[in-house]
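Residue numbers (the working numbering), protein chains in the order written: chain F, 4 to 427; chain G, 5 to 306; chain X, 75 to 369.
By construction, the Cβ of each residue, glycine as well, lies at the ideal position given by its N, Cα and C atoms.
Model, not experiment: these values are computed from the prediction.
Okay, structure first, notes after.
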Amino acid sequence: MLPRIGFAGMTHLGLVSAVAASEKGFGVVCFDPEAGHVRLLTEGRWPIAEAQLDELAVKNRGRLRFSADPVALRACDIVYVAPDVPTDDAGGSDLGAISALLDQVSSAVSDETVVVILSQVPPGFTREKQRRIRNLYYQVETLIFGRAVERALRPERYVVGCADPAQPLPARLAAFLAVDGCPILPMRYESAELAKIAINMCLVASVSTANTLAELCERIGAEWSEIVPALKLDRRIGEHAYLAPGLGIAGGNLERDLATVCTLADRYGTDADVVRAWVANSRHRRDWALTTLWKHVLTGTQDPVIAVLGLTYKENTHSVKNSPALALLDNLQSFATRVYDPVVSSPPGTRPRCHRAASALEACEGADALAVMTPWPEFRRLDPAEIASRMRGGIVLDPYAVFSAVACRSAGMRYLTLGSPPKD
Amino acid sequence: MLSHLDPRGMCPARTVILGAAGFIGRAILGELLADGCSAVGVDRTKVDLLSPDASGRLAELLRGEDALVFVAARAPCKDVAMLVENLVMARAVCDALTRRPVAHVVYISSDAVYRDSAEPLTEASCAEPASLHGAMHLAREVALKSAFPGPLAMIRPTLVYGTDDPHNGYGPNRFRRLAAAGQDIVLFGEGEERRDHVAVKDIARLASLILRHRSAGIANAVSGDTVSFRELAEFTANAFSPGVAVRTTPRQGPMPHGGYRPFDNRAVLKAFPQFRFTPWQDGLRELNARALQSREPVRGRS
Amino acid sequence: MISHSQLAPQRPDRVVLLGGNGFIGDAIRRQLLGRDVNVLAPASADCNLLDPQSAAQLQSMLRPLDAVVMAAALTPDRGRDMGTFMKNLAMVQHLAAALAAVPCTHLVYFSSDAVYPAELSRVAEAAPASPRDLYGVMHYAREVMLREVKHVPILILRPTLVYGARDTHNAYGPNRFCRSAAGEGTISLFGEGEELRDHVHVDDVARLTVRCILHRSRGTLNVATGTSMSFRAVAQTVAGRFAPRQIDIRSTPRVTPVTHRHYDVANLVKAFPDFRFTAFEAGIAALVTDLQGEK
Numbered sequence: 004m005l006p007r008i009g010f011a012g013m014t015h016l017g018l019v020s021a022v023a024a025s026e027k028g029f030g031v032v033c034f035d036p037e038a039g040h041v042r043l044l045t046e047g048r049w050p051i052a053e054a055q056l057d058e059l060a061v062k063n064r065g066r067l068r069f070s071a072d073p074v075a076l077r078a079c080d081i082v083y084v085a086p087d088v089p090t091d092d093a094g095g096s097d098l099g100a101i102s103a104l105l106d107q108v109s110s111a112v113s114d115e116t117v118v119v120i121l122s123q124v125p126p127g128f129t130r131e132k133q134r135r136i137r138n139l140y141y142q143v144e145t146l147i148f149g150r151a152v153e154r155a156l157r158p159e160r161y162v163v164g165c166a167d168p169a170q171p172l173p174a175r176l177a178a179f180l181a182v183d184g185c186p187i188l189p190m191r192y193e194s195a196e197l198a199k200i201a202i203n204m205c206l207v208a209s210v211s212t213a214n215t216l217a218e219l220c221e222r223i224g225a226e227w228s229e230i231v232p233a234l235k236l237d238r239r240i241g242e243h244a245y246l247a248p249g250l251g252i253a254g255g256n257l258e259r260d261l262a263t264v265c266t267l268a269d270r271y272g273t274d275a276d277v278v279r280a281w282v283a284n285s286r287h288r289r290d291w292a293l294t295t296l297w298k299h300v301l302t303g304t305q306d307p308v309i310a311v312l313g314l315t316y317k318e319n320t321h322s323v324k325n326s327p328a329l330a331l332l333d334n335l336q337s338f339a340t341r342v343y344d345p346v347v348s349s350p351p352g353t354r355p356r357c358h359r360a361a362s363a364l365e366a367c368e369g370a371d372a373l374a375v376m377t378p379w380p381e382f383r384r385l386d387p388a389e390i391a392s393r394m395r396g397g398i399v400l401d402p403y404a405v406f407s408a409v410a411c412r413s414a415g416m417r418y419l420t421l422g423s424p425p426k427d
Numbered sequence: 005m006l007s008h009l010d011p012r013g014m015c016p017a018r019t020v021i022l023g024a025a026g027f028i029g030r031a032i033l034g035e036l037l038a039d040g041c042s043a044v045g046v047d048r049t050k051v052d053l054l055s056p057d058a059s060g061r062l063a064e065l066l067r068g069e070d071a072l073v074f075v076a077a078r079a080p081c082k083d084v085a086m087l088v089e090n091l092v093m094a095r096a097v098c099d100a101l102t103r104r105p106v107a108h109v110v111y112i113s114s115d116a117v118y119r120d121s122a123e124p125l126t127e128a129s130c131a132e133p134a135s136l137h138g139a140m141h142l143a144r145e146v147a148l149k150s151a152f153p154g155p156l157a158m159i160r161p162t163l164v165y166g167t168d169d170p171h172n173g174y175g176p177n178r179f180r181r182l183a184a185a186g187q188d189i190v191l192f193g194e195g196e197e198r199r200d201h202v203a204v205k206d207i208a209r210l211a212s213l214i215l216r217h218r219s220a221g222i223a224n225a226v227s228g229d230t231v232s233f234r235e236l237a238e239f240t241a242n243a244f245s246p247g248v249a250v251r252t253t254p255r256q257g258p259m260p261h262g263g264y265r266p267f268d269n270r271a272v273l274k275a276f277p278q279f280r281f282t283p284w285q286d287g288l289r290e291l292n293a294r295a296l297q298s299r300e301p302v303r304g305r306s
Numbered sequence: 075m076i077s078h079s080q081l082a083p084q085r086p087d088r089v090v091l092l093g094g095n096g097f098i099g100d101a102i103r104r105q106l107l108g109r110d111v112n113v114l115a116p117a118s119a120d121c122n123l124l125d126p127q128s129a130a131q132l133q134s135m136l137r138p139l140d141a142v143v144m145a146a147a148l149t150p151d152r153g154r155d156m157g158t159f160m161k162n163l164a165m166v167q168h169l170a171a172a173l174a175a176v177p178c179t180h181l182v183y184f185s186s187d188a189v190y191p192a193e194l195s196r197v198a199e200a201a202p203a204s205p206r207d208l209y210g211v212m213h214y215a216r217e218v219m220l221r222e223v224k225h226v227p228i229l230i231l232r233p234t235l236v237y238g239a240r241d242t243h244n245a246y247g248p249n250r251f252c253r254s255a256a257g258e259g260t261i262s263l264f265g266e267g268e269e270l271r272d273h274v275h276v277d278d279v280a281r282l283t284v285r286c287i288l289h290r291s292r293g294t295l296n297v298a299t300g301t302s303m304s305f306r307a308v309a310q311t312v313a314g315r316f317a318p319r320q321i322d323i324r325s326t327p328r329v330t331p332v333t334h335r336h337y338d339v340a341n342l343v344k345a346f347p348d349f350r351f352t353a354f355e356a357g358i359a360a361l362v363t364d365l366q367g368e369k
């Protein structure tokens, strides 16, 4: 008899995890206290965009049950608690919602139910909650926006936080996790809570290093893209290392983790200066598009028109949290801008000089400069010659190297990207 | 951040203390004399640093083998006029040093030169003062550095406590006097700001070590610990009997330095491995005991 | 790190310009007049900030709707000692006293990049302004003194090296190079002139200041172009202006160690995204022409 899995909190994390569990053959109860939200889900109207999510949800609809009544969770053997943990601008977490949801869940389920916290919480949170919930575990989630379903279906490993890692995991939980055949790593709560942060710190370190050296390349006359393959062939760095320079950390999760490490360091008196340096570097990179546009376009052209492709902070997601694209538009309010994003229909707020284009090419109409601010895959299919013919001017800012530099230059455009010296 | 020119630690030929009548100056003079070092205090009656002939009179007084401790100040520096006066004094000292260079100069500055930080401040922290008082001290430090090429030590103390504090500053000094007089201790807000407090005798002992080792560089005179004003008040209130009450009041303005100013004092401990800063509990206990015996009156502005 | 109190530019009632006869002050005055702004630039005879009387004189001159630009200072060529330092402080002491009595709507204070320690190679407004020399600490202290004045919104401008025809200081760099090239046909560099510095034309400084006045901007802003060049490159650009006349660029022993200085101008760009700096070549061309005109 397969364990019945419950998911409390129909957020991006909860939904993706629930659908993945159903795809693996488990009966799933999806609970969310918001009745309106549950109704939308029951009608098949997903509020999030993730590859494969829609098809899999339709395919497994027999195994997915949505409810706004916590009593529905009573039938579950395992309940994952996966609400969003909102972050403020300083990266600090608001733990009110998850605490409330945990209370709701623990009141609804029996003492035998295994409750697993899936949302990212600061170290110490789970042990504090364990006083009230007997079978409480913590599991590190490693979803990536834009590739979440794939990550949920094929996890690399499970990191499970326990009150006492020497004790075996409850049979039902072990059975559920064993289905994927990947390593299962039990450890104490605090280690698991820190594990996710540790993963993210390593990623930030790698990207910050890439940013720092890429900026140097731009001045020295080196080409960062030439250096990267050499790095990836070094086993200590690895072929999957995060070495693409970017426009700063965005999305919310990484910022939260950086802030958590600094807060913990302050509290325990450890050195986290390097983390603060990463944060400073991220802020500095965020200005690249604006200062580059300033240098090449804004001061030379009379009333320039700027085309901006992409509004989200990352491709294949709907989130604009801390998005560099929006930060750029905020600073271009006094200029005429034309924007297009495949998912987000228009940038938030009133922007009198901002035109919402229906397509990427339409956004380029009459523009003096184009900034590709989010590397959506569909932008890679655009033809630079076609873009050039639509534009009035010829400046392309392509921080993520979505286009081929050669093709852009052949089309007569001035091509500017991260990690590459501007060529005239 | 301190380097010693004299590892043996011998008394300077003579130490001249400018500002010997003040709280810290008096303590340094007393400490040096107790150590058996030759020291002389110079106060306003001997040389008025604000008078036009101050630099001449000071230069006449100084000898080449002297160590000079410059602690005279109009403090706390609250307005532009005071800042200018303090710099006039510094100018007189700088001019005197140019005319008559001495062997060693020790300047008593202030932690007010440091930019606010939530992480513990050290001698390497950024000296970017936000206040007039801090700007005054930074300017005096830079002026001395420009005028005196010899070994120069800057001691930057945090909040100072001890008996005979003439300012009756908010903190242990005022609390002790109030409690000794049987009056309630009144806190700003809840007294929640956590600050470092250093005993004046620690500053004096540190100055003596610096003088005897002819040290140059920066030394923060800080205990390394922070304590809230509330805790200080309650500690003091309980030391006296009949015990007094600790009262809170609505806060009038924002907390200085964001209500938290921690220090890491390992650099000084490394420079002087036998030296220890007095923990505030021990320092206050000693002062409270003495006050109990003598029941000193409440004085100064409240 | 500056914000505009007025999003749409608006001329103030009047600008009181202190130091209007100086290098930067004069350029500001010309720009303001060109924009039809009412300017009062008291001459030394009417108000000498070194004189304690000036506090009262200024007080009687100032009106609550004035914008005050403080560009008066004794620069290092007038003395690097404490005497000059004290005089500079006195000037601000008198200004602060006048402003305490008549709080104006806006105060623009011309500080200096000297507040930043010399070895700081990348400067943004958030960089520690921790001056190590008397000139730097003088400006820093003046900043703190003026920030203490209540009820007067303040903008602190910290310019990098400024060049232009009316520079009386003959500062090492474009100013001195142009003069010595025109005069003796030589340019002397310290060492090989490797140090990278940001040079801004005085008219650009003035135009930016006027924008700040019209927007009643407050905060702190470094006035720099964001592009640094070596003194040798500067010398070569200057020499190029005199062609076909050959200008001899010489090395002399270095006085200070090599340090580089770059400015991160993101804050300036965010505040004024359409502000254009004069290209260096054009600025030098204008400088050489102006100097020839002076002869």
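When DSSP labels each residue in this structure, what does GLY221 (chain G) get in the three-state scheme?
For this step, residue 221 (chain G) is matched to residue 217 along the second sequence. DSSP places GLY221 (chain G) in strand when its eight states are reduced to three.
Any beta-carbon of chain X closer than 8 Å to the one on CYS2 (chain G)?
There is simply no residue 2 (chain G) to check, as chain G begins at 5 and stops at 306 in what is shown.
What residues in the region 263-294 of chain F bring their beta carbon closer than 7 Å to a beta carbon of chain G?
ASP269
Own chain, CB closer than 6 Å to MET75 (chain X), minus 5 neighbours either side, in chain order
Residue mapping note: residue 75 (chain X) aligns to position 1 of the third sequence, counting from 1. Result list for MET75 (chain X): GLU199, GLY293, THR294 and ASN341, in chain order.
The region 82-107 of chain X: positions lying closer than 9 Å to chain G by Cβ
Taking 9 Å as the Cβ-Cβ cut-off against chain G, none of the residues of the region 82-107 of chain X qualify.
Considering only residues of the same chain and omitting the five flanking positions on each side of THR242 (chain X), which have a CB-CB separation below 7 Å?
The residue given as residue 242 (chain X) occupies position 168 in the third sequence. The residues are PHE97.
Closer than 7 Å at the beta carbon, the chain A residues around GLU132 (chain G):
Any reference to chain A falls outside this structure, whose protein chains are F, G and X.
So what does THR326 (chain X) bridge to, in DSSP terms?
For the purposes of this step, residue 326 (chain X) is taken as the residue at position 252 of the third sequence. Partner(s): X:PHE264.
Within 8 Å, strictly: CB atoms of SER431 (chain F) and PHE34 (chain F)
Since the first residue of chain F shown is 4 and the last is 427, residue 431 (chain F) is not available in this structure.
Applying the 10 Å Cβ sphere with the 16-neighbour rule, what's the burial state of MET416 (chain F)?
Against the first sequence, residue 416 (chain F) aligns to sequence position 413. The residue is buried, with at least 16 neighbouring Cβ atoms inside 10 Å.
Can you find a C-beta in chain F that's less than 8 Å from the C-beta of ALA63 (chain G)?
To locate residue 63 (chain G), count along the second sequence from 1; it is residue 59. Answer no: the Cβ-Cβ gap between ALA63 (chain G) and chain F never drops below 8 Å.
Helix, strand or coil, according to DSSP, for PHE354 (chain X) in the structure here?
Position 280 of the third sequence, counted from the start, is the residue given in the question as residue 354 (chain X). Note: PHE354 (chain X) maps to helix in three-state DSSP.
Can you list, in chain order, the residues of the region 265-286 of chain G whose Cβ is nearer than 8 Å to any Cβ on chain X?
none
What in chain G is Cβ-close to ALA356 (chain X), meaning under 9 Å?
Numbered from 1 along the third sequence, position 282 holds the residue referred to as residue 356 (chain X). Residues of chain G passing the Cβ test: none, with the nearest at roughly 36 Å.
For a test of the three-state rule: what should DSSP assign to ALA370 (chain F), helix, strand or coil?
Residue mapping note: residue 370 (chain F) aligns to position 367 of the first sequence, counting from 1. Looking at ALA370 (chain F) - three-state DSSP - the assignment turns out to be coil, as it is neither helix nor strand.
In chain order, what residues of the same chain have a beta carbon less than 8 Å from the beta carbon of ILE207 (chain G), not counting five sequence neighbours either side?
Sequence index remark: in the second sequence, residue 207 (chain G) carries index 203 (1-based). Taken in chain order, the residues that qualify are ILE28, ALA31, ILE32, ILE112, ILE159, PRO161, VAL164 and ALA225.
Since TYR183 (chain X) sits in a beta bridge, which residues does DSSP pair it with?
Your numbering for residue 183 (chain X) matches position 109 in the third sequence. Bridge partners of TYR183 (chain X): X:MET144 and X:ILE230.
Residues in the same chain with beta-carbon distance under 7 Å from HIS213 (chain X), minus the five sequence neighbours each way, listed in chain order, please.
Locating residue 213 (chain X) in the third sequence gives position 139, counting from the first residue. When the five nearest sequence neighbours on each side are left out, the beta carbons in the same chain lying within less than 7 Å of the beta carbon of HIS213 (chain X) are those of SER185, SER186, ALA188 and VAL189, in order along the chain.
Consult DSSP for ARG68 (chain F) and reduce its assignment to one of helix, strand or coil.
What you label residue 68 (chain F) is simply residue 65 of the first sequence in a count that begins at 1. DSSP places ARG68 (chain F) in strand when its eight states are reduced to three.
Give the straight-line distance between the Cα atoms of ASP125 (chain X) and ALA79 (chain G), rounded to the nearest whole angstrom.
Here residue 125 (chain X) is taken as the residue at index 51 of the third sequence, counted from 1. Here residue 79 (chain G) is taken as the residue at index 75 of the second sequence, counted from 1. Cα to Cα, the separation comes out at about 26 Å.
Measure from the C-beta of ASN500 (chain F) to each C-beta in chain X and report whether the shortest distance is under 8 Å.
Only positions 4 to 427 of chain F appear in the structure, and residue 500 (chain F) is not among them; the question remains open.
Report yes or no: is there a C-beta of chain X within less than 8 Å of the C-beta of THR302 (chain F)?
Taking the first residue of the first sequence as position 1, residue 302 (chain F) is located at position 299. Chain X, which has a Cβ nearer than 8 Å to the Cβ of THR302 (chain F), makes this yes.
So that I know if they touch, is there some Cβ in chain G lying closer than 8 Å to that of GLN133 (chain X)?
Counting from 1 along the third sequence, the entry for residue 133 (chain X) is found at position 59. No, no contact with chain G.
Could you please give the first and the last residue of the uninterrupted beta strand (DSSP E) stretch that includes MET190 (chain F)?
For this step, residue 190 (chain F) is matched to residue 187 along the first sequence. Taken as a continuous stretch (DSSP letters only), the beta strand (DSSP E) holding MET190 (chain F) covers 187-191.
Using a beta-carbon distance below 8 Å, is VAL106 (chain G) in contact with chain X?
Here residue 106 (chain G) corresponds to residue number 102 of the second sequence, with the count starting at 1. Taking Cβ atoms only, chain X never reaches closer than 8 Å to VAL106 (chain G), which makes this a no.
Among F:THR304, F:PRO402 and F:ALA388, whose alpha-carbon lies nearest the alpha-carbon of ALA328 (chain F)?
Indexing the first sequence from 1 puts residue 328 (chain F) at position 325. Answer by Cα proximity: F:PRO402.
Taking the alpha-carbon positions, what's the VAL342 (chain F) to GLU221 (chain F) distance?
Translated into positions along the first sequence, residue 342 (chain F) becomes position 339. Translated into positions along the first sequence, residue 221 (chain F) becomes position 218. If I take the Cα positions, the gap works out to 27 Å.
When DSSP labels each residue in this structure, what does PHE276 (chain G) get in the three-state scheme?
The residue given as residue 276 (chain G) occupies position 272 in the second sequence. Looking at PHE276 (chain G) - three-state DSSP - the assignment turns out to be coil, as it is neither helix nor strand.
Could you name the residues of the same chain whose beta carbon sits closer than 7 Å to that of ARG335 (chain X), not counting the 5 residues immediately before and after it, in chain order?
Taking the third sequence and counting its residues from 1, one reaches residue 335 (chain X) at position 261. Same-chain partners within the cutoff: SER195, VAL197, LEU270, ARG271, ASP272 and SER302.
Answer yes or no: do GLU197 (chain G) and GLY263 (chain G) have a C-beta to C-beta separation smaller than 8 Å?
For the purposes of this step, residue 197 (chain G) is identified with residue 193 of the second sequence, where counting begins at 1. For the purposes of this step, residue 263 (chain G) is identified with residue 259 of the second sequence, where counting begins at 1. Contact flag set, yes.
Check MET15 (chain X) in the structure and name its three-state DSSP category.
The structure shown has nothing for residue 15 (chain X), since chain X only spans 75 to 369.
Check whether the region 262-269 of chain X and the region 317-334 of chain X are in contact - that is, three or more C-beta pairs closer than 8 Å.
yes
Could you name the residues of chain X that TRP297 (chain F) contacts, counting a contact when the two beta carbons are closer than 7 Å?
Here residue 297 (chain F) refers to the residue found at position 294 of the first sequence. What TRP297 (chain F) touches in chain X: VAL343 and PRO347.
I want to see whether chain X comes within less than 8 Å of ARG12 (chain G), judged by CB atoms only; does it?
In the second sequence, residue 12 (chain G) corresponds to position 8, counting from 1. At a cut-off of 8 Å between beta-carbon atoms, ARG12 (chain G) makes no contact with chain X.
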